[in-house]
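Here's the structure we're looking at; comments come further down.
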Amino acid sequence: MQQYDFDVIICGGGPCGSACAMGFVDTSIRVAVIEKSSFPREKVCGDGMAPYIPKALHKMSPKFKDAFDQFRERIPIRYIKVVNSKGKSATQAFPEPWFVASRYHFDDFLYRQASALPNVSYLLEEQVTMVSTDASAAIVQTNKQQYRAKMLIGCDGASSIVGRQLSHCRLDPANNYAAVRAYYEQVEDVLPDTFEFHPVPQHPSGYFWIFPSEAGRANVGFSILSEDLQRKNLKLREVLPQIIAQTPHLNQRFKNARLLGDIKGWSIPVGYGHYPISGERYLLAGDAASVADPLTGEGIGQAIVTGRIAAAHALNCFSANDFSAAFMKKYDAAVAQKWGAQNRRRRLLSHLIQYQWIINTIVALLRSSTVLSKLVLWVLTKIAR
Ligand SMILES: Cc1cc2nc3c(=O)[nH]c(=O)nc-3n(C[C@H](O)[C@H](O)[C@H](O)COP(=O)(O)OP(=O)(O)OC[C@H]3O[C@@H](n4cnc5c(N)ncnc54)[C@H](O)[C@@H]3O)c2cc1C
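Quick note on numbering that gives the first Met the number 0: the sequence shown kicks off at 0 and runs consecutively.
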């Protein structure tokens, strides 16, 4: 008889890992989430959340969606504003509201939902250092001890140890955004229900953003393709204040602003499809599977959805008692069906909007509110979805 410490080990307890654990609700599968931090904890992020997140929570259990409805720190976002380099802007209403909530609160919210499940244990402040799988088990070595499980799910983010050791993925500068964010107070004219995107002509592969945040603060950040960052030899933490200083309409709005804490950076991997996301006894999900949006760098919703799909597939593995690499391909197919085509369209759009004249034309058309502007909006929405 094989001895297992757990049925499933989830490496990483961010949105992906906690959503994945929540996917085992109302089952008897024994799940451990190994997380190197404890909650609440910060995560560098723009904190913007897609409207389908409550639906994804509902799919796992209505009680998770009800809990999200009660989650006080979320702020609904109803508009998107694109501001071109001359300060001209166009604002559009979202068909459904987005949200912002600091990751300090949101990741803790998900952790509380998942850790309340009787079959889920969190091993906090424990770091996974080595993983392997074979026909009989997944072996997970941490800084404290070794565990055996029937299956391993890598939800350990952009520098996933599971991805590096089992799928041999490496940071790919052509398919990775480097991004920084900072919290400011007293930025002028920050609308409490609007995401602002500012394409930056000197860095066309990325953008600058201002999102409203808790207590009247602003989440301000900048992203750029890592290959551009390397080619231009830029220091990302210095670029954010430079953009503010060099852009007259931003400079004006930040004249009384105060930086709260540090400017912090991290990676957003968008290279989905460039390495395997499954194999014998393991799956990768969220940033570990590089499923973030190649257009915006948004990855919280993708992390939650792929976490949910990974849990659903793991349940199929237990039903079929099949943990082979061939059976895991059904997971790859489910992820591809959800994100594959959309990801390709949004990658194409990300290349198009690097041209300033395209941005300027879109902003001008959307400001004009003519039949043509409605047509442009319709086409853009079709490509983006
Ligand atoms: C500057 C910036 C701005 C962004 N803005 C947005 C935004 O506005 N909206 C959006 O949707 N997305 C945004 N993203 C992307 C988003 O942050 C990620 O896509 C999302 O966090 C992915 O979730 P995840 O659970 O897969 O990974 P993570 O959130 O990174 O969670 C991984 C977890 O694994 C743990 N871990 C890692 N290694 C180990 C280990 N060896 N052992 C144990 N635990 C481990 C970590 O501590 C962490 O808790 C942004 C990213 C950046 C960098």
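Note that the Cβ used here is the ideal one computed from N, Cα and C, for glycine as well.
Beta-carbon spacing of residue i, residue j below 7 Å
{"i": "I262", "j": "V179", "result": "yes"}
{"i": "A291", "j": "G298", "result": "yes"}
{"i": "A137", "j": "R252", "result": "no"}
{"i": "A20", "j": "I9", "result": "yes"}
{"i": "Q353", "j": "P203", "result": "yes"}
{"i": "V7", "j": "V362", "result": "no"}
{"i": "Q91", "j": "I76", "result": "no"}
{"i": "P200", "j": "S84", "result": "yes"}
{"i": "P191", "j": "Y103", "result": "no"}
{"i": "V99", "j": "I74", "result": "yes"}
{"i": "G260", "j": "S289", "result": "no"}
{"i": "G162", "j": "A287", "result": "yes"}
{"i": "E187", "j": "R216", "result": "no"}
{"i": "G296", "j": "Y176", "result": "yes"}
{"i": "A309", "j": "I152", "result": "yes"}
Inter-residue Cα distance where the pair is residue i and residue j
{"i": "G285", "j": "M150", "result": "17 Å"}
{"i": "P172", "j": "L224", "result": "7 Å"}
{"i": "Y206", "j": "L258", "result": "20 Å"}
{"i": "K143", "j": "V32", "result": "14 Å"}
{"i": "L170", "j": "N250", "result": "34 Å"}
{"i": "K254", "j": "G12", "result": "39 Å"}
{"i": "P240", "j": "S212", "result": "19 Å"}
{"i": "S27", "j": "Y3", "result": "14 Å"}
{"i": "G278", "j": "A148", "result": "15 Å"}
{"i": "W265", "j": "L374", "result": "37 Å"}
{"i": "A55", "j": "P61", "result": "10 Å"}
{"i": "Q1", "j": "V130", "result": "18 Å"}
{"i": "F108", "j": "V334", "result": "25 Å"}
{"i": "A214", "j": "N320", "result": "50 Å"}
{"i": "S367", "j": "K231", "result": "37 Å"}
{"i": "D227", "j": "A340", "result": "26 Å"}
{"i": "Y330", "j": "T132", "result": "17 Å"}
{"i": "A332", "j": "Y146", "result": "29 Å"}
{"i": "A113", "j": "P50", "result": "21 Å"}
{"i": "V378", "j": "P117", "result": "47 Å"}
{"i": "F322", "j": "N315", "result": "9 Å"}
{"i": "M59", "j": "N342", "result": "24 Å"}
{"i": "S135", "j": "D46", "result": "40 Å"}
{"i": "Q336", "j": "G156", "result": "22 Å"}
{"i": "T193", "j": "F93", "result": "10 Å"}
{"i": "K234", "j": "Q355", "result": "23 Å"}
{"i": "R111", "j": "A313", "result": "22 Å"}
{"i": "T380", "j": "S349", "result": "13 Å"}
Cβ neighbours of residue i in the same chain (closer than 8 Å, five flanking residues each side left out)
{"i": "P53", "result": "K64, F67 and D68"}
{"i": "Q229", "result": "P172"}
{"i": "S158", "result": "L170 and S266"}
{"i": "M48", "result": "R73, W97, F98, V99, A100, F105, I299 and G300"}
{"i": "A418", "result": "This structure leaves residue 418 out entirely; the chain is present only between 0 and 384."}
{"i": "V238", "result": "V179, H202, F221 and I223"}
{"i": "Q164", "result": "M129, V130 and S131"}
Cβ neighbours of residue i in the same chain (closer than 6 Å, five flanking residues each side left out)
{"i": "S166", "result": "Y274 and P275"}
{"i": "A302", "result": "P14, C15 and G285"}
{"i": "W338", "result": "V290"}
{"i": "V219", "result": "A181, Y183 and I209"}
{"i": "Q140", "result": "T128 and M129"}
{"i": "A256", "result": "Y183, Q185 and V186"}
{"i": "P198", "result": "Y206 and I358"}
{"i": "C168", "result": "G162 and Y274"}
{"i": "F196", "result": "V81, Y206 and W208"}
{"i": "E95", "result": "P50"}
Integer Cβ distance of residue i from residue j, believed to fall under 8 Å
{"i": "N174", "j": "P268", "result": "7 Å"}
{"i": "V119", "j": "F23", "result": "7 Å"}
{"i": "L385", "j": "M327", "result": "With the chain covering only 0 through 384, there is no way to say anything about residue 385."}
{"i": "E34", "j": "Y121", "result": "6 Å"}
{"i": "G189", "j": "I209", "result": "Reading the sequence as shown, one finds Val at residue 189 and not Gly. Contact flag correct, Cβ pair sits at about 6 Å."}
{"i": "S36", "j": "E124", "result": "7 Å"}
{"i": "I5", "j": "V30", "result": "Checking the sequence shown, residue 5 turns out to be Phe, not Ile. Sure, about 6 Å apart at Cβ, within 8 Å."}
{"i": "L365", "j": "L376", "result": "7 Å"}
7 Å Cβ shell around residue i - same chain, five flanking residues per side excluded
{"i": "R345", "result": "D292, P293, L294 and A383"}
{"i": "I357", "result": "L351"}
{"i": "C154", "result": "I9, C10, G11, G13, C15, G16, C19, A284, G285, A287 and G306"}
{"i": "R236", "result": "V179, I262 and G264"}
{"i": "A413", "result": "Here the chain has residues from 0 to 384 only, and residue 413 is not among them."}
{"i": "V304", "result": "A55 and K337"}
Taking only runs that begin and end inside the region 50-91, name each unbroken beta strand (DSSP E) of 3 or more residues, in chain order. 74-82
Whole runs of the alpha helix (DSSP H) within the region 190-234, excluding any shorter than 4 residues: 225-231
Mind listing, in chain order, the continuous alpha helix (DSSP H) runs of no fewer than 4 residues lying wholly within the region 294-323? 299-319
Any alpha helix (DSSP H) of 4 or more consecutive residues that is wholly inside the region 317-384: 324-334, 340-351, 355-367 and 370-383
For the region 160-184, which segments carrying the beta strand (DSSP E) assignment without a break, of at least 3 residues, lie completely within its bounds, in sequence order? 175-184
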